[in-house]
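Visitor:
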Amino acid sequence: MQGDLIANHGSYGQDWAATAVPKYKKGSTPRPLLARKCFTKRITHFAVAMAAPNAKHHTKDENGATADNANGSTSDFAARLSLSESFQRVLQIDIENRKLRERNEKLEATNDTNWATIANKRDAWAAEKGKLERALQHMREEMKILREVKAKASDQAEQIKAHEKRILSQCEAIKKRDEDMAHQLTLYQNAKEELAAEKTSALALSDSLLTAEKDLARSKEELEVANDELNDLADFAARLQPMNQGKEQIQEALANTFNQFLQFFVSEMSFDGKPGAYPTAATEEPSIPLPESNTPASKQMRIVAALIVSGKAMVKHIFRHALVSDDLDRVLNQLAVTDPDHESYVREVLLKLHQMHPDEQKAAQMAKVDRAVKDIADQLGPMVPRPTEFGSRLKPCCEMAAKAWDLTLGMENKVDAHFRFQMPAFWCPVPLEEITDQSPADPASDSNAQADAPQQPLPPGEAGPSVSIDEVLKMVWPVVIAHLPDADEPAESEMLSCGYVLARAQCRAAKDDVTREQSTYKKTRLESRRQSEKKRRSSVAPSPARAAVVTSAA
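For the sequence shown, the UniProt record's numbering assigns the number 1 to the initial residue and increments by one for each residue that follows.
(1) Would you decide whether Gly27 is buried or exposed? Buried here means 16 or more other CB atoms lie within 10 Å of its CB.
(2) What number of angstroms, rounded off, separates the C-alpha of Arg101 from the C-alpha of Asn114?
(3) Compare the beta carbon distance of Leu332 and Val315 with 9 Å and say whether it is the shorter of the two.
(4) Taking all protein chains shown into account, decide if Gly130 is buried (16 or more other Cβ within 10 angstroms of its Cβ) or exposed.
(5) Which residues mark the beginning and the end of the beta strand (DSSP E) in which Leu496 is found?
(6) Below 8 Å, can you find three or more Cβ-Cβ pairs linking the stretch 241-249 to the stretch 367-380?
(7) With DSSP as the reference, label Ile481 as helix, strand or coil.
(8) Please list, in chain order, all residues of the same chain as Gln137 whose beta carbon is under 8 Å from its beta carbon, the five residues on each side excluded.
(9) What number of angstroms, rounded off, separates the C-alpha of Ser538 from the C-alpha of Thr515?
(10) Distance check for Pro429 and Trp477, CA to CA, integer angstroms please.
(11) Would you report the Cα separation of Asp76 and Arg89, rounded to the nearest angstrom?
(12) Closer than 6 Å by C-beta to Ile167: which residues in its own chain qualify, once you throw out the five before and the five after it? Chain order, please.
(13) Roughly how many angstroms separate the alpha carbons of Ala505 and Phe258, rounded to a whole number?
(14) Out of Ala255, Ala482, Ala297, point me to the one whose CA is closest to Asp272's CA.
(15) Can you give me the start and stop residues for the beta strand (DSSP E) that Cys397 sits inside?
(16) For the alpha helix (DSSP H) that contains Ala417, what are its first and last residues?
(17) Phe426 and Ser468: beta carbons closer than 9 Å?
(18) Could you compute how far the alpha carbon of Thr186 sits from the alpha carbon of Lys199?
(19) Helix or strand or just coil, what does DSSP make of Pro429?
(20) Would you list, in sequence order, the uninterrupted alpha helix (DSSP H) runs of no fewer than 4 residues that lie entirely inside the stretch 286-366?
(21) Between Glu133 and Ala126, what straight-line distance do the alpha-carbon atoms span, to the nearest angstrom?
(22) Residues in the same chain with beta-carbon distance under 7 Å from Leu409, minus the five sequence neighbours each way, listed in chain order, please.
(23) Looking only at its own chain, which residues have a Cβ that is under 7 Å from the Cβ of Ala79, when we skip the five neighbours before and after it?
(24) Just the C-alpha distance for Met269 and Asn294, rounded to the nearest angstrom, thanks.
(25) From what residue to what residue does the alpha helix (DSSP H) around Met243 run?
(26) May I have the straight-line CA-CA distance separating Ile174 from Lys150, to the nearest angstrom?
(27) Would you identify the three-state DSSP class for Leu502, choosing helix, strand or coil?
(28) Going along the chain, which residues of its own chain have a beta-carbon closer than 6 Å to the beta-carbon of Ala402, five neighbours each way excluded?
(29) Specify the secondary structure class of Ser538 as computed by DSSP and reduced to three states.
(30) When the Cα atoms are used, what is the spatial distance from Ala404 to Glu252?
(31) I'd like to confirm the pairing. Which residues does DSSP put opposite Met411 in its beta bridges?
(32) Helix, strand or coil, according to DSSP, for Tyr24 in the structure here?
(33) Per DSSP, Met383 forms a beta bridge with which residues?
(34) Using DSSP with H/G/I as helix, E/B as strand and the rest coil, what is Met423?
(35) Using the rule of at least 16 other Cβ atoms within 10 Å of the residue's Cβ for burial, across every protein chain shown, is His483 buried or exposed?
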């Protein structure tokens with residue numbers, strides 16, 4: 001029933017809720033007492049309305065009784081209503097609302113107090129700020145004055161230092177002048193003493209001057225005699241030419257010589273077959289790989305072995321003066337280091353002998369060519385198909401080398417050929433050509449054909465890509481250099497023909513061939529041993545007939 005009443009008077013409850021607390025503007029002073037009375041009044045009206053919702057106040061009913069009399073049970077209803085849960089909740093809300101209003105009043109009072117405190121502190125802070133700003137401005141002015149004073153003091157200090165430096169420099173100058181004066185005074189005293197001594201010695205020198213004039217006259221006579229002897233000696237010496245006049249011709253001749261040997265051995269060593277023996281110069285340590293097969297790498301190593309033997313023969317027999325013995329050649333090499341002028345004069349005398357006795361020089365040169373041919377043929381003969389004719393085919397190459405070396409005898413600079421790896425720029429890998437597996441029909445005809453064919457030598461005086469000492473396996477062909485005047489180091493020499501070496505990278509294919517041959521040889525020996533062991537076992541085992549005879553005898 002109570003729920004129905006509340007539902008029927010819902011609009012009235014809403015009006016009450018809207019007017020329960022009077023509204024007031026923000027910032028105005030609240031009126032809690034008035035609001036409380038208004039709230040109590042609204043509650044009373046709400047209770048009466050719920051007790052008699054359809055009754056009108058101060059009216060009479062159909063029997064003439066008033067509404068108050070007709071609703072005598074209103075007090076009972078109010079009592080029941082006060083005991084209801086909703087009413088208790090409303091009263092509780094009223095109590096909480098009252099507490100909130102009291103708290104709000106305290107907070108507003110506190111807020112007013114805080115605002116007053118803030119206003120007072122703000123004024124105090126403003127006054128303090130003004131005071132501090134004035135003090136700061138005063139300090140800034142004082143700092144500005146101090147900076148100006150400091151700058152003036154610094155300028156004065158710099159001026160004082162400059163004055164001190166000038167004073168010190170003037171003191172040093174005065175001290176130096178005093179020392180100079182003392183030194184000049186000492187020099188004056190020494191000069192005075194020397195002058196006195198010179199006056200004393202002048203008397204003695206006047207006598208020695210006469211003696212010196214006599215000695216000078218005698219020296220002039222001796223000089224004239226020496227000049228006459230020198231002119232006589234000049235008739236026994238030929239004038240050497242500057243290196244720049246014949247250098248290009250020498251470089252071209254030496255380059256053609258190497259290419260002639262290379263082409264000759266390409267034609268001689270390109271046959272298919274097993275060489276009889278290899279030269280000692282190629283097999284001695286460090287040895288080069290020499291396979292016994294006929295692969296291009298094997299033929300290239302044979303060509304390299306032939307060039308090694310020929311290069312050593314050139315240094316030993318051809319690349320030296322034809323009229324000089326081994327002992328005299330060693331003496332001249334040592335003399336070129338200790339006394340280059342004396343060594344140059346000896347070469348002038350040898351050149352004069354060369355010009356005066358061309359037949360003897362030619363005979364001596366051909367003898368050295370024959371020795372070189374014999375030396376090369378003895379070592380390379382077992383490697384070629386026709387060793388008896390090998391020397392005659394080789395001799396034109398050696399003669400060409402001798403003619404090329406004759407061009408170096410008339411140069412002012414001493415020309416030397418050697419295998420010493422001193423300058424890497426003077427050495428390059430030997431230019432090995434790709435050799436086919438076809439053997440030439442006639443080595444002699446091939447030799448003549450390559451001799452007639454135009455050669456393509458390396459640029460004279462220039463080497464190919466240089467190599468380091470770690471990349472070199474074997475020295476193949478000597479380097480030819482011209483010693484510069486007063487040269488103490490190899491770097492002060494000029495290269496006329498580069499030397500050739502066999503690089504380790506050029507031997508890889510040949511090493512692989514040697515490895516395969518050794519593996520094949522080991523397999524062959526192992527198979528041979530197995531066959532021998534098998535035959536031995538079969539010969540030792542008894543036959544069936546023999547076993548039967550032995551059994552019957554037993």
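By construction, the Cβ of each residue, glycine as well, lies at the ideal position given by its N, Cα and C atoms.
This structure is a prediction, so every number in the text was calculated from the model and none was measured.
Guide: Taking the definition as stated:
(1) Because Gly27 carries a pLDDT of 48, less than 50, the predicted location of this residue cannot be relied on, and the following value inherits that uncertainty. Label assigned to Gly27: exposed.
(2) 19 Å
(3) no
(4) exposed
(5) 493-497
(6) no
(7) strand
(8) none
(9) 35 Å
(10) 10 Å
(11) 20 Å
(12) none
(13) 22 Å
(14) Ala297
(15) First-last for Cys397: 390-406, but that is the alpha helix (DSSP H), not the beta strand (DSSP E).
(16) Not the alpha helix (DSSP H): Ala417 falls in the beta strand (DSSP E), residues 415-418.
(17) no
(18) 20 Å
(19) strand
(20) 296-313, 326-338, 340-356
(21) 10 Å
(22) His321, Leu351, His354
(23) none
(24) 10 Å
(25) 243-268
(26) 35 Å
(27) strand
(28) Ile318, Gln365, Val369
(29) helix
(30) 9 Å
(31) Gln241
(32) Residue confidence is low: Tyr24 scores 43 on pLDDT, short of 50, so the model does not pin down where it sits. Its coordinate-derived value is still stated next. Residue state, collapsed to three classes: coil.
(33) DSSP lists no partner for Met383.
(34) coil
(35) buried
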